[in-house]
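Here's the structure, in structure tokens; my notes come after.
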Amino acid sequence: MPRKSGPSYSRDGFAVLTQSEDPTSPLFVKTLAHEVAHFWWNKAATDNWQDWLNESFAEFSALMAIEHIFGKEMKDKFLMEFESLSSTLSPLYQFQRSDKNVHNLMYKKGPVILEAFSANIKEAEFKRWLKMVSKGDITTTEKLFLLTEKAYGEVQRKYLEELLNK
Ligand SMILES: [Zn+2]
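Numbering (our numbering), first residue to last: -4 to 161.
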């Protein structure tokens, strides 16, 4: 469902998109893919820092769609921008909802962290991890750590923890 202005969002299997962009532009496709990705990434609470499990994973999934449609260079272009916007931010781990950088923490730093984590394990394994996270009852970051340790061992769990505390 398109709208003329205001933010895009999705609820319970339908997405509302702001129609201010050229529908073939990477930015529009990223927004659309992000909202569709929330059909899977919607299990964590949205009123505290655990919301990164919804927003960062949805945004990262959108980057995967960007790579699929526009190629790796376009995805890397977004990631470089995300990196520059998040390099000076405090850790994602237990951030305060009142932090003025909440948006950049969840939408820029989170995807950068997931990219770094993906680079540390084989592509097929990473996709399997994403599937397990989306299918599992991963409502908190602690549950994400436990699942990661169970699937890939303590080293990967610690690496993920480290990334979130950076
Ligand atoms: Zn979102």
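We put the beta carbon where it would ideally sit given N, CA and C, even for glycine.
**Prompt:** What residue range is occupied by the uninterrupted alpha helix (DSSP H) comprising Ala146?
**Reply:** In the sequence shown, counting from the first residue as 1, residue 146 sits at position 151. Judged by DSSP secondary structure, Ala146 falls within the alpha helix (DSSP H) whose first and last residues are 136 to 147.
**Message:** Quick check on the contact list: which residues have their beta carbon closer than 5 angstroms to a heavy atom of ligand 1?
**Reply:** In chain order, the hits are Glu50, Ala53.
**Asked** Mind checking whether His33 and Ala53 have CB atoms under 8 angstroms apart?
**Response** Here residue 33 corresponds to residue number 38 of the sequence shown, with the count starting at 1. Here residue 53 corresponds to residue number 58 of the sequence shown, with the count starting at 1. The answer is yes: Cβ separation under 8 angstroms.
**Buried/exposed call for His81, threshold 16 Cβ in 10 Å** = What you label residue 81 is simply residue 86 of the sequence shown in a count that begins at 1. Note on identity: in this sequence residue 81 is Ser, with His being the wrong assignment. Around the beta-carbon of Ser81, 16 or more other beta-carbon atoms lie within 10 Å, marking it buried.
**Asked** Taking DSSP as the reference, what is the three-state secondary structure of Ser3?
**Response** To locate residue 3, count along the sequence shown from 1; it is residue 8. Three-state result, Ser3: coil.
**Message:** Here's a check: name, in chain order, each residue in its chain whose Cβ is nearer than 6 angstroms to the Cβ of Ser56, leaving out the five neighbours to either side.
**Reply:** The residue labelled residue 56 in the question sits at position 61 within the sequence shown. The beta carbon of Ser56 sits closer than 6 angstroms to the beta carbons of Ala32 from its chain, once the five residues preceding and following it are set aside; these are given in chain order.
**Asked** How should Val150 be labelled, buried or exposed, when 16 other C-beta atoms within 10 angstroms of its C-beta is the threshold for buried?
**Response** Position 155 of the sequence shown, counted from the first residue, corresponds to residue 150. Val150 is exposed by the Cβ-count criterion.
**Message:** Please report the straight-line C-alpha distance between Tyr63 and Ser51, rounded to a whole angstrom.
**Reply:** Taking the sequence shown and counting its residues from 1, one reaches residue 63 at position 68. Taking the sequence shown and counting its residues from 1, one reaches residue 51 at position 56. Here the sequence assigns His to residue 63, which means Tyr is not the residue at that position. In this structure, the alpha-carbon of His63 lies about 18 angstroms from that of Ser51.
**Request:** Just mark Gly148 as buried or exposed, buried being the case when its beta carbon has 16 or more other beta carbons within 10 Å.
**Result:** Counting from 1 along the sequence shown, the entry for residue 148 is found at position 153. Gly148 is classed as exposed because its beta carbon has fewer than 16 other beta carbons within 10 Å across all chains shown.
**His29 - containing alpha helix (DSSP H), residue span** = Counting from one through the sequence shown, the residue named residue 29 turns up at place 34. Under the DSSP assignment, His29 falls in the alpha helix (DSSP H) whose first and last residues are 21 to 32.
**Prompt:** When the Cα atoms are used, what is the spatial distance from Leu84 to Leu27?
**Reply:** Position 89 of the sequence shown, counting from 1, holds the residue named residue 84. Position 32 of the sequence shown, counting from 1, holds the residue named residue 27. Approximately 26 angstroms between the Cα atoms of the pair.
**Asked** What residue from Pro18, Asn96, Ser20, Trp36 has the CA that sits closest to Lys126's CA?
**Response** Counting from 1 along the sequence shown, the entry for residue 126 is found at position 131. It is Trp36 whose Cα lies nearest to the Cα of Lys126.
**Asked** Which same chain residues, not among the five before or five after Thr135, have their C-beta less than 6 angstroms away from its C-beta?
**Response** Walking along the sequence shown from the start, residue 135 turns up at place 140. Closer than 6 angstroms at the Cβ level, and outside the excluded window around Thr135, lie Gln45.
**Message:** Tell me which residues share the same chain as Asn43 and place their Cβ nearer than 8 angstroms to its Cβ, disregarding the 5 neighbours each side in the sequence.
**Reply:** Numbered from its first residue, the sequence shown carries residue 43 at position 48. Non-local C-beta neighbours of Asn43 in its own chain, meaning closer than 8 angstroms and more than five positions away in sequence, comprise Arg92, ordered along the chain.
**Request:** Pull up the CB-CB distance for Lys161 and Pro86, whole angstroms please, since I reckon it's below 8 angstroms.
**Result:** As a first step, residue 161 must be located in the sequence shown, where it is residue number 166. As a first step, residue 86 must be located in the sequence shown, where it is residue number 91. So it is a contact: roughly 6 angstroms between Cβ atoms.
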